[in-house]
Amino acid sequence: MTRYFSPLSWSFPVGTWSGTRVAVSVYFPLAVLVLCLQMQTWWYGLLAGMFLLLSSLAHEIAHVWVARATGGWGDDILVWPLGGLLHPQPALDRRSRVMTALAGPAVNGVLCLLAGIAVWRMGLLGEAINPLKGWPILPSGEGTLGLFQSAVVVLFIVNWVLLVINLIPVHPFDGGRVLECGLSGWLVEETANYLHMRLGAVVGVSLMIAGLLADHPGWHGTWVVCLGAVVLVLNLQEVAQRSAVDDLESALLDYELALDDVDGEFDVDEPDPGLLERWRQHREETRLLQEEKQQQEAERRVDVLLKKVHHHGFEALSEAEKRQLRQASQRYRDQAARSEETI
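First residue of the sequence shown? That's 1 in my numbering, and the numbers climb one at a time after it.
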């Protein structure tokens, strides 16, 4: 299996919390820098960056918590400016998949509701609720009150944007996982995946075009172009990675068929062996049985990983799991080639 070059997944680790490895995208500091340049003062930019980090982290923790509570697991969190890139593994039933996907947006929705009440009382809700407009003029009251009011407005905008974006029904957002789950209940899994990935590519291109055509001062068209580019790249990458998984399954099938051909080719009658020969055969059969058990266990692990990829995408795998799939792919291809040479 090809090792994919994925710059969007670049990150640095920040620790392990409750058995979950947490990393932050290298693009997060860049996003904070852009916020500092766009907002009234650099201090407000840092405040927005802090809320973005904490809200994204809370979003991802909710995913992991619900996944574990419904029978799944989550070993890694990768926080990036729009939420997270590594999805936890929910149980395979539809209820767990939908609840896990919606847990993150639910957290952002609650924070929006709490902050939105205060923003509405300040009379700024109309300006703050449109994520495509420029940042509203934040309250400039004196002392602690002015700082608190500004912080509440920023908290609302950050969580509102995270909520809206993550409900877009395309990969890699939470709305996309809900849509894919719904499609898989109505269509064959391969067809559902095909439609879901192609829809993501179409939406990505559409966002880029809309951002380019409608960009003007006071409107975040540039951000829409960037969002569309990210959606397009991630969907094309996911299509390529799922194709690689299909190649692995084909290699496994070719290997099993090659073994069947070898067994049929050398199935001949032999005379009864002597005592020493029977002992040697018993020892060889024991060794082969152990190898077969090891092979079955390896295939079982590969099957679990393939199901995980089909349901949640290649990026849901940890680095160790990706390495295991690549090794399995190469092993099956080598074994199939040796079996064909034997025939």
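Cβ coordinates follow ideal geometry from the N, Cα and C atoms, glycine included.
Keep in mind that this is a model prediction, so the values were computed, not measured.
- prompt: Are at least three pairs of beta-carbons, each pair with one atom in the stretch 112-125 and one in the stretch 89-102, less than 8 Å apart?
  reply: no
query: Mind checking whether ASN159 and SER9 have CB atoms under 8 Å apart?
result: For this step, residue 159 is matched to residue 159 along the sequence shown. For this step, residue 9 is matched to residue 9 along the sequence shown. No; because the gap between Cβ atoms is not below 8 Å, this pair is not in contact.
task: Using alpha carbons as the reference points, say which of ILE168, VAL32, ALA240 and LEU306 lies closest to GLY49.
output: To locate residue 49, count along the sequence shown from 1; it is residue 49. Closest by alpha carbon: VAL32.
- prompt: DSSP puts ILE77 in a beta bridge; with which residues?
  reply: The residue given as residue 77 occupies position 77 in the sequence shown. Per DSSP, VAL22.
- prompt: Helix or strand or just coil, what does DSSP make of ASP267?
  reply: In the sequence shown, the residue the question calls residue 267 occupies position 267. Note that ASP267 has pLDDT 49, beneath the 50 cutoff, so the model's placement of it is unreliable and the number below is only indicative. Of the three classes helix, strand and coil, the one that applies to ASP267 here is coil, per DSSP.
Spatial distance of PHE28 from PRO81 (CA atoms): For the purposes of this step, residue 28 is taken as the residue at position 28 of the sequence shown. For the purposes of this step, residue 81 is taken as the residue at position 81 of the sequence shown. Rounded to whole angstroms, PHE28 to PRO81 spans 6 Å at the Cα level.
- prompt: For SER11, which residues of its own chain have a beta-carbon under 7 Å away from its beta-carbon, when the five flanking residues on both sides are left out?
  reply: Along the sequence shown, read from residue 1 onward, the residue named residue 11 stands at position 11. Around SER11: ALA23, VAL24, SER25, VAL26 and LEU78.
- request: Give the range of the alpha helix (DSSP H) segment to which PHE12 is assigned.
  value: Translated into the one-based positions of the sequence shown, residue 12 becomes position 12. Unbroken run through PHE12 is the beta strand (DSSP E), 11-17; no alpha helix (DSSP H).
query: Can the beta-carbon of MET208 be found less than 8 Å from the beta-carbon of ALA192?
result: Here residue 208 refers to the residue found at position 208 when the sequence shown is read from its first residue. Here residue 192 refers to the residue found at position 192 when the sequence shown is read from its first residue. Contact flag unset, no.
message: Measuring straight from C-alpha to C-alpha, what distance separates ALA210 and CYS36?
response: The residue given as residue 210 occupies position 210 in the sequence shown. The residue given as residue 36 occupies position 36 in the sequence shown. Rounded to the nearest angstrom, the two C-alpha atoms are 25 Å apart.
- request: Give the range of the alpha helix (DSSP H) segment to which TRP65 is assigned.
  value: Here residue 65 refers to the residue found at position 65 when the sequence shown is read from its first residue. It spans 42-69 - the alpha helix (DSSP H) in which TRP65 sits, taken as one unbroken run.
task: Determine the DSSP secondary structure at GLY84, reduced to helix, strand or coil.
output: Here residue 84 is taken as the residue at index 84 of the sequence shown, counted from 1. In this structure, GLY84 counts as strand in the three-state DSSP scheme.
query: Identify the residues that DSSP records as bridge partners of GLN89: which are they?
result: Looking up residue 89 in the sequence shown gives position 89. As DSSP reads the structure, GLN89 sits in a beta bridge with TRP73.
message: Quick check: the Cα distance between LEU132 and GLY221, rounded to an integer number of angstroms?
response: As a first step, residue 132 is located in the sequence shown; it is residue number 132 there, counting from the start. As a first step, residue 221 is located in the sequence shown; it is residue number 221 there, counting from the start. Going by the C-alpha atoms only, they are around 7 Å apart.
message: On the DSSP letters alone, give me the boundaries of the alpha helix (DSSP H) that TRP186 sits inside.
response: In the sequence shown, counting from the first residue as 1, residue 186 sits at position 186. First-last of the alpha helix (DSSP H) with TRP186: 174-186.
- prompt: Going straight from the alpha carbon of VAL14 to that of LEU57, what length do you get?
  reply: For the purposes of this step, residue 14 is taken as the residue at position 14 of the sequence shown. For the purposes of this step, residue 57 is taken as the residue at position 57 of the sequence shown. A direct Cα-Cα distance of roughly 12 Å separates VAL14 from LEU57.
message: Within 10 Å of its beta-carbon, does GLU285 have 16 or more other beta-carbons around it, so buried, or fewer, so exposed?
response: For the purposes of this step, residue 285 is identified with residue 285 of the sequence shown, where counting begins at 1. When all chains shown are included, GLU285 counts as exposed.
message: Under DSSP, the alpha helix (DSSP H) around TYR194 begins and ends at which residues?
response: Here residue 194 corresponds to residue number 194 of the sequence shown, with the count starting at 1. TYR194 -> alpha helix (DSSP H) spans 189-213.
message: Please classify THR41 as buried or exposed, where buried requires at least 16 other C-beta atoms within 10 Å of its C-beta.
response: Position 41 of the sequence shown, counting from 1, holds the residue named residue 41. It counts as exposed.
field: ILE61 classed as buried or exposed, judged by whether at least 16 other C-beta atoms fall within 10 angstroms
entry: As a working note, residue 61 is residue 61 in the sequence shown. That one is buried.
task: Go ahead and label ARG287 buried or exposed: buried means 16 or more other beta carbons lie within 10 angstroms of its beta carbon, across all protein chains shown.
output: Counted from its first residue, the sequence shown places residue 287 at position 287. It counts as exposed.
- request: Using a threshold of 8 Å, state whether the C-beta atoms of PRO88 and LEU167 are closer than that.
  value: By 1-based counting over the sequence shown, the position of residue 88 is 88. By 1-based counting over the sequence shown, the position of residue 167 is 167. Result no, Cβ atoms of PRO88 and LEU167 do not sit closer than 8 Å.
field: Straight-line Cα distance separating ARG68 from ARG198
entry: Sequence index remark: in the sequence shown, residue 198 carries index 198 (1-based). Sequence index remark: in the sequence shown, residue 68 carries index 68 (1-based). Cα-Cα distance, rounded: 30 Å.
message: As a quick exercise: from TRP73, GLN241, ALA128 and GLU297, pick the residue whose alpha carbon is nearest that of TYR194.
response: By one-based count along the sequence shown, residue 194 stands at place 194. Out of TRP73, GLN241, ALA128 and GLU297, GLN241 has the C-alpha closest to the C-alpha of TYR194.
- prompt: Near GLY200, what residues of its chain come up, given a Cβ to Cβ distance below 7 Å and the 5 sequence neighbours on each side ignored?
  reply: As a first step, residue 200 must be located in the sequence shown, where it is residue number 200. Hits under 7 Å: VAL170, HIS171, GLY176, VAL231 and ASN235.
field: Terminal residues of the alpha helix (DSSP H) in which PRO29 lies
entry: The residue you call residue 29 lines up with position 29 of the sequence shown. PRO29 -> alpha helix (DSSP H) spans 28-38.
field: The alpha helix (DSSP H) enclosing VAL110, as first and last residue numbers
entry: Mapped onto the sequence shown, residue 110 falls at position 110. 94-122 is the extent of the alpha helix (DSSP H) around VAL110.
field: Proximity to LEU102 [Cα-Cα], best of SER184, HIS63 and PHE156
entry: Translated into the one-based positions of the sequence shown, residue 102 becomes position 102. LEU102 has its Cα closest to that of HIS63, out of SER184, HIS63 and PHE156.
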